[in-house]
Amino acid sequence: MSVSINLPGNRQEWQLAARRYQLLTKSLSTLSTLPSASKMTVREYLAMRVLRSDVIPIDRFPIEDPIAERVRQIQLGFNELRLYETHVGTQEDPSQHEALGAFQLVRDAQLEVLNITSRTSHQSAGPVFRPSRAVRVPGSPSGASQSSASQSGASHTSVGPGHAQGSGVSVASTVTSVPTILTAAADVDYVVPSRTADEQIVNEWLMCLLKTLTMRIPSVACRWSSGRRPFNAVSFGNNRLIAYTDGYLVAPHTLEVFAVVEVKAMIRDREQHPEVLWQEAAEMVAWIMSDVNSRQCPLEQRIIVSQARDEIYITIANYDQEYLDYLQGRFNPRRYDRPEFFLRMTEYGPWKIDSRSNMHHLARVIMALCLQVTDDINQLRGSPGQST
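Residue 1 is where the sequence shown starts when you use UniProt numbering, and the numbers rise one by one after that.
Set out below in structure tokens:
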């Protein structure tokens, strides 16, 4: 089975796959059963009508220029973050560096993800994963990437990952050479096992990082929660979909979700393990349906922050009203191939957690996301102020 069958990237690929599985005129409500998100098969995934882009390099992740400048100003005074970045790629014991502040915990958990104890205690030889693949760059932007980049009228900058603060390079500059899975390894002096010992180890580190970065933002109006079930079970006819997450970004006052978190202990592999991406799509569908007629702060896009062992991906999902109509059962089989009937998921990555440049860039992206969410919440409240 080809990758395009498992993960269609355009309407033509979806039609080919749906025809093979006799799903052209099926919907989530007319399937015989609907498993939980973690048990999705290709049939349910195709019935969700998801178009997923190739992985887009991290330096093309869109950040609006005003937000990027505000992030830069915050990072200028974030001494603990700068010190933390100097530890990335080393085997330094964070317990000996109190100046790291909250990043002592972040770094300690990160070393556990990488299965590294300290500079003086080397891991015994074990299976070593050295991926031969590189990030695929689409020859031209897909419909999904065009949608995610152009949905806002404001200008944005794809902020490159290659420069730390104090380098003299503006935040608006774009790095032309992106550290890939292979080149990022030049930042480190050790090898990473093929699997983290336990998925919970990965989850604890990622949530610790997200919380530490977000709490630094002045007057931030959102926070990261480790809760596993932010959404109610949603119904599609007689079928019910239950989706658990590994965390989410929430506005405490309204309890509305602005991003979800999903982690795995193994490396992300689209060809051998597409079910991970099927699960993420199901979580997105459950989130969309949970928000129907109940959301106060509107969302222009929905985001999943994913970690697979030592790699982080961020996926932006976009859809039109007709896709929502489809999910709610207002479905005309004669119009099954209309472009509006699809959920488009645009994936960026990977950010390697043992790469200093990648981690510096990821910090920008996460803080930019939380700044934008805070602005949206403040606008809903009618507050003229912004986080700076």
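All C-beta atoms, glycine included, are put in the ideal place defined by N, C-alpha and C.
Source: prediction; values computed, not measured.
Limits of the alpha helix (DSSP H) - the one that residue i falls within
i           : result
Glu283      : Glu275 to Asp291
Glu340      : Segment: none, Glu340 is in no alpha helix (DSSP H) and carries neither H nor E.
residue 395 : In the structure displayed, the chain extends from 1 to 388; residue 395 sits before or after that span and is not available.
Tyr21       : That residue, Tyr21, is in no alpha helix (DSSP H); it is neither H nor E in DSSP.
Ala37       : Careful: Ala37 lies outside any alpha helix (DSSP H) and carries neither H nor E.
Pro43       : Before going on, a small fix: residue 43 reads as Arg here, not Pro. Start and end: Val42 to Ala47.
Cβ pair residue i, residue j closer than 7 Å
i      : j      : result
Pro8   : Leu51  : yes
Ala197 : Lys264 : no
Asp376 : Cys297 : yes
Ala233 : Arg223 : no
Val250 : Val257 : yes
Tyr45  : Trp278 : yes
Glu112 : Arg356 : no
Arg364 : Val71  : yes
Tyr326 : Gly349 : no
Cys208 : Val305 : no
Tyr244 : Ser225 : no
Gly237 : Ser29  : yes
Ala109 : Glu199 : no
Asn10  : Val42  : no
Trp287 : Phe341 : no
Ile67  : Leu299 : no
Trp351 : Ile58  : yes
Met40  : Ala221 : no
Val55  : Glu347 : yes
DSSP beta-bridge partners of residue i
i      : result
Met345 : Arg52 and Ala317
Asn239 : Phe236
Gly247 : Val261
Ser225 : Tyr248
Glu256 : Ala251
Lys211 : Paired residues: none, contrary to the question.
Trp351 : Ile312
Whole-Å CB distance - residue i paired with residue j, under 8 Å assumed
i      : j      : result
Ile303 : Leu369 : 7 Å
Met345 : Ser53  : 7 Å
Met284 : Leu324 : Between Leu324 and Met284 the Cβ distance is about 12 Å, and since that is not below 8 Å, they are no contact.
Val280 : Glu262 : First, the residue type needs correcting, since residue 280 is Glu and not Val in the sequence shown. 6 Å between Cβ atoms; contact.
Ser36  : Ile242 : 5 Å
Thr374 : Ile217 : 7 Å
Ala47  : Leu81  : Not quite, the Cβ-Cβ distance comes to about 43 Å (not below 8 Å), so this is no contact.
Ala99  : Leu76  : No, Ala99 and Leu76 are not in contact; Cβ-Cβ is about 17 Å, not under 8 Å.
Residue i in three-state terms, based on DSSP
i           : result
Met266      : strand
Arg302      : strand
Glu311      : strand
Asp376      : helix
Lys26       : coil
Glu322      : helix
Ser357      : helix
Cys370      : helix
Arg11       : helix
Val220      : coil
Leu206      : helix
residue 420 : Past the edges of the chain, shown from 1 to 388, lies residue 420, and the structure says nothing about it.
Ile5        : helix
Arg295      : coil
Leu100      : helix
Leu362      : helix
Glu85       : helix
Glu271      : coil
Host beta strand (DSSP E) of residue i (start-end)
i           : result
Glu92       : Careful: Glu92 lies outside any beta strand (DSSP E) and carries neither H nor E.
residue 404 : Coverage of the chain is limited to positions 1 through 388, which leaves residue 404 absent and any answer about it impossible.
Cutoff 7 Å: residue i Cβ touching any chain D Cβ
i      : result
Gln328 : In the structure shown, chain D cannot be found, because there is only a single protein chain.
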